[in-house]
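Following: one structure in structure tokens, then a few remarks.
There are 2 protein chains.
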Amino acid sequence: MRGLLIVFSGPSGVGKGTVRKEIFDTPNHEFEYSVSATTRSPREGEVDGVDYHFISKEEFEQMIEKGEMLEYAEYVGNYYGTPLKYVNETLDSGKDVFLEIEVKGAEQVKEKAPDGVFIFLTPPDLTELRKRITDRGTDAEDVINERMKTAREEIDMMALYDYAVVNDEIKLASDRVKNIIKSEHFRVDRVMKSYVENLLEK
Amino acid sequence: MRGLLIVFSGPSGVGKGTVRKEIFDTPNHEFEYSVSATTRSPREGEVDGVDYHFISKEEFEQMIEKGEMLEYAEYVGNYYGTPLKYVNETLDSGKDVFLEIEVKGAEQVKEKAPDGVFIFLTPPDLTELRKRITDRGTDAEDVINERMKTAREEIDMMALYDYAVVNDEIKLASDRVKNIIKSEHFRVDRVMKSYVENLLEK
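Those protein sequences? They're chains A and B, same order as listed. If you count by the numbering used here, then the first sequence holds residues 58 to 259, one letter each, in order. If you count by the numbering used here, then the second sequence holds residues 58 to 259, one letter each, in order.
Right, dumping it as structure tokens:
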């Protein structure tokens, strides 16, 4: 049975990387991390194939052309993307694949693989919004308006996802994500499919 | 924000009651158990309002007539059912309600409350079906056919539910159910709704 594609994203600055590291640093996870490819130079301490696959701009553009990127984006003059081959091979082997990518990338994956599990990490102040707005009665109107605007943008982004998890505390957020992935394995569609596959294999 | 309605069911004999007791015996659950009503006499040690609401046949039939039962069924001459009032009041107070009911009852709830979380408990031999069928190569054809028939019936039942959990070990099954309930709180529809409610309350 094919593994689950897990897409973990959220607004920039929310702490996706930190939560992802916490998830993979604890032993009780059973999914593989998909290492992104990038054209930027390795920073000190970064290891090729662990932190990123460091490839040239030409290689990257060839991969885009051949449809070998599940998603990609350009950011301050460099490409970042997810090579499709590793993802497909791992899913086919029955293992779950975990992507930690930007929201623009998640939108691309949603189009190509709508049956993935899409998890959105939200900043803690989103859930606290009303409290914050009312508590800080002294805030200038433009500050409040700015906050409401951000809130609306987050809501719009969120609608694409299956789950939204608050990053109030790294350990808690990490546990929530791991729980969600576990529970998704018990989705009835999935259980029935594996069950029917078993019967057919007889 | 309204609580989640959790419907826990499965084929008779699968161990629903045992798993439910395990779930409620451990402290880390945050949902209320909906006590069923019945017209049968209390057995020794059973407490009214804890194990069941013991009511008369006349009372039960009046409640059916007034639409005060979320679901009900007759079984060896006695009625069993879920009073709607407690369920609605608890959900309205923001708490989750947990129903442990028969599959026929779950079908009735699905019609009335399709947005509930429906969890199906399956016997462990279902997932082991292929193994069992092939391992026991000596089984008579009618035994195998009987097993295949049961399997097909289970699949048909399961399709109504959101999740299917195997009762291979009581503690494991109980943890899976609790995880599913936790994760359902992070469903994006739910988070967005609570978020919009917060904004509107401002």
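For every residue, glycine included, the Cβ atom is placed at its ideal position computed from N, Cα and C.
Counting beta carbon pairs with one atom in the stretch 147 to 160 of chain B and one in the stretch 233 to 244 of chain A, are three or more of them shorter than 8 Å? These segments do not touch.
Here's the rule I'm using: 16 or more other beta-carbon atoms within 10 Å means buried, otherwise exposed. How should I121 of chain A be labelled? Under the 10 Å beta carbon count, I121 of chain A is surrounded by fewer than 16 other beta carbons and is classified as exposed.
Would you mind sorting E128 of chain B into buried or exposed? The rule is 16 or more other CB atoms within 10 Å of its CB. Flag for E128 of chain B reads buried.
What number of angstroms, rounded off, separates the C-alpha of V144 of chain B from the C-alpha of V200 of chain B? If you take the alpha carbons of V144 of chain B and V200 of chain B, they lie about 43 Å apart.
Three-state secondary structure (DSSP) of D82 of chain A: Correct three-state label for D82 of chain A: helix.
Pairs of beta-carbons, one from the stretch 159 to 174 of chain B and one from the stretch 124 to 138 of chain B, closer than 8 Å: are there three or more? Segments in contact, yes.
Contact with chain A by Y137 of chain B, beta-carbon distance below 7 Å: Chain A, which has no Cβ nearer than 7 Å to the Cβ of Y137 of chain B, makes this no.
With 7 Å as the threshold, decide whether the Cβ of K206 of chain B is near any Cβ in chain A. Cβ-Cβ to chain A under 7 Å: no for K206 of chain B.
Less than 7 Å between the C-beta atoms of P140 of chain B and A94 of chain B, yes or no? Yes. Within cutoff.
Whose C-beta lies closer than 6 Å to the C-beta of E89 of chain A among residues of the same chain, with five residues either side of it excluded? Taken in chain order, the residues that qualify are T147, K152 and V154.
With burial defined as no fewer than 16 other Cβ atoms inside 10 Å of the residue's Cβ, what is the status of R233 of chain B: buried or exposed? Flag for R233 of chain B reads buried.
Straight-line gap, K206 of chain A to E210 of chain B (C-alpha atoms, nearest Å): One C-alpha to the other measures close to 51 Å.
Under 7 Å between the Cβ atoms of G74 of chain B and F177 of chain B? Taking 7 Å as the cut-off, the beta carbon of G74 of chain B is found no closer than this to the beta carbon of F177 of chain B.
Let me check you understand the geometry: is the CB of N236 of chain B closer than 6 Å to at least one non-hydrogen atom of the ligand ZN? For the structure depicted, the ligand ZN is absent and the ligand set is empty, with no information on it obtainable.
Which same chain residues end up closer than 8 Å to K259 of chain A when comparing Cβ atoms and leaving out the 5 residues on each side of it in sequence? Caution is warranted here: a pLDDT of 47 is assigned to K259 of chain A, below 50, making its placement in the model unreliable, and the coordinate value is therefore given only provisionally. In its own chain, leaving out the 5 sequence neighbours on each side, no residue places its CB closer than 8 Å to the CB of K259 of chain A.
Assuming T179 of chain A contacts N236 of chain A under a Cβ cut-off of 8 Å, what Cβ separation, rounded to an integer in Å, is found between them? Going by Cβ atoms, the distance from T179 of chain A to N236 of chain A rounds to 16 Å, so no, they are not a contact pair.
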